[in-house]
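Participant:
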Amino acid sequence: MSKSKPHTPRMSNGKTQRNQGRLMAAKSRAETAQENREKMIQAGRKAFAEKGYAAASMDELTASVGLTRGALYHNFTDKKGLLAAVVAQIDSEMARKAKAIAASAENDWERLLAEGVAYINMALDPEVQRIVLRDGPAVLGDPAHWPSQNSCLESTRQTIEKMIERKVLKDMDANVAAQLLNGAALNAALLIAASEDPQKTLPHAIEVFVLLASGLRNQ
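Residue 161 in UniProt numbering sits at position 161 of the sequence shown, with consecutive numbering throughout.
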C-alpha cells in the first residue's frame, strides 16, 4: 500500500490576499511617513534660510506642506529636532560637494587640501551661513559633535593614515590629526560666517588653513 503524503495546510487565497493587503498598507504608511518627513525638512530648510531659526513659525511651516504640528512632533520631537535634521542634510551635502570638487586633484595630499578649501568656500553661501554656521551652533551646540561631522572625520582619518604610511605626512596620531584638520576647516568657515565682511575674510582663512595643514607634511 502506498503511503499517503503528509497533508500540508495551504493558506487560503482570501487569507493570502489579506496578508498581502496588510503588507502593502504598512509599506504605504512607511512611504507616506518618509515623504512627510522629507516635506518638513525641505519646508524647514526654506523657512530657516529665509527667516532664521528663531523667527520661523512651525504652524506656518507645517501648513505650507499640508501637515500639522502633530506630524512635526512625531518625526522630530520639536523645532530643535527639525533644525538638527536640516543641518545634517546641508552639512552632508557640503561634504559631498567638497569631495566632488577635490576628486580631480593629482594625489591624496592635494585632495585633502582641496576638500578643506572647498568646505571653507561654502561659508559664503547664504543658506550655509545662516543655518549651519550661525543658527546651528547657537541652538545645537558645538558642531564638532554633530553626527554629520563623524563620517567626514572618518574619511579624513583614513586618508591621513595612508599618507603617513607612504611617508607623505609626518609620523603622528592619525585620529588626532584628522580631528584637528577638520576642526581647522570648520572653524575657518565659522569665522567667515561671523565676520563683518565674509568675502574679505575668506582668502585669509584659506591661507592660514593651508599653512596649518602643510605643517603635517614631510618636507
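Here a beta-carbon is modelled for each residue, glycine too, at the ideal position from N, C-alpha and C.
1) With which residues is L169 paired in a DSSP beta bridge?
2) Quick check on R45: buried or exposed, where buried means 16 or more other Cβ atoms within 10 Å of its Cβ?
3) Taking the straight line between their C-alpha atoms, what separation do you get for R166 and R69?
4) Label residue 231 either buried or exposed according to how many other C-beta atoms from any shown protein chain fall within 10 Å of its C-beta, with 16 as the threshold for buried.
5) So, with DSSP's three-state summary, where would you put E106?
6) Please go through the same chain and pick out, in chain order, the residues whose beta-carbon is closer than 6 Å to the beta-carbon of I192, but skip the five residues on each side of it.
7) With a Cβ-Cβ cutoff of 8 Å, do L113 and V210 count as a contact?
8) Can the beta-carbon of Y53 be found closer than 8 Å to that of V128?
9) So, helix, strand or coil for E154, using DSSP?
10) Just curious, the alpha helix (DSSP H) that A188 is in, first and last residue?
11) By the three-class DSSP mapping on this structure, what secondary structure does D59 have?
12) Is M172 buried or exposed, if buried means 16 or more other CB atoms sit within 10 Å of its CB?
13) Are the beta-carbon atoms of M163 and D108 separated by less than 8 Å?
14) Starting from the N-terminal side, write out each stretch of the beta strand (DSSP E) that is 3 residues or longer and does not extend beyond the segment 76-104.
15) In whole angstroms, give me the CA-to-CA distance for P126 and A174.
16) Any idea if A56 is buried or exposed, counting beta-carbon neighbours within 10 angstroms, 16 or more meaning buried?
17) Do L83 and F48 count as a contact pair if the criterion is CB distance below 8 Å?
18) If you follow the alpha helix (DSSP H) that L140 is part of, which residue opens it and which one closes it?
Facilitator: Here's the rundown:
1) If you number the sequence shown from 1, residue 169 lands on position 169. Beta-bridge pairing links L169 to R217.
2) Your numbering for residue 45 matches position 45 in the sequence shown. Per the 10 Å Cβ criterion, buried.
3) Taking the sequence shown and counting its residues from 1, the one referred to as residue 166 is at position 166. Taking the sequence shown and counting its residues from 1, the one referred to as residue 69 is at position 69. Cα to Cα, R166 sits roughly 55 Å from R69.
4) No answer is possible for residue 231: the residues shown for the chain start at 1 and end at 219.
5) As a first step, residue 106 is located in the sequence shown; it is residue number 106 there, counting from the start. If DSSP states are grouped into helix, strand and coil, E106 belongs with coil.
6) As a working mapping, residue 192 is identified with position 192 in the sequence shown. Contacts found: A123, P198, T201, L202, A205.
7) Taking the sequence shown and counting its residues from 1, one reaches residue 113 at position 113. Taking the sequence shown and counting its residues from 1, one reaches residue 210 at position 210. Going by C-beta atoms, L113 is nearer than 8 Å to V210.
8) Taking the first residue of the sequence shown as 1, we reach residue 53 at position 53. Taking the first residue of the sequence shown as 1, we reach residue 128 at position 128. Going by C-beta atoms, Y53 is not nearer than 8 Å to V128.
9) By 1-based counting over the sequence shown, the position of residue 154 is 154. Helix.
10) Position 188 of the sequence shown, counting from 1, holds the residue named residue 188. Residues 174-194.
11) In the sequence shown, counting from the first residue as 1, residue 59 sits at position 59. DSSP places D59 in helix when its eight states are reduced to three.
12) On the sequence shown, position 172 is the one that residue 172 refers to. Classification of M172: exposed, given that the 10 Å Cβ count is below 16.
13) Here residue 163 refers to the residue found at position 163 of the sequence shown. Here residue 108 refers to the residue found at position 108 of the sequence shown. Contact flag set, yes.
14) Runs found: none.
15) Position 126 of the sequence shown, counted from the start, is the residue given in the question as residue 126. Position 174 of the sequence shown, counted from the start, is the residue given in the question as residue 174. Those two C-alpha atoms are separated by around 33 Å.
16) On the sequence shown, position 56 is the one that residue 56 refers to. Looking at its Cβ environment, which holds 16 or more other Cβ atoms inside 10 Å, A56 is buried.
17) If you number the sequence shown from 1, residue 48 lands on position 48. If you number the sequence shown from 1, residue 83 lands on position 83. Cβ distance < 8 Å, so F48 and L83 count as in contact.
18) On the sequence shown, residue 140 is found 140 positions in, with the first residue counted as 1. Counting along the chain, L140 sits inside the alpha helix (DSSP H) bounded by residues 136-140.
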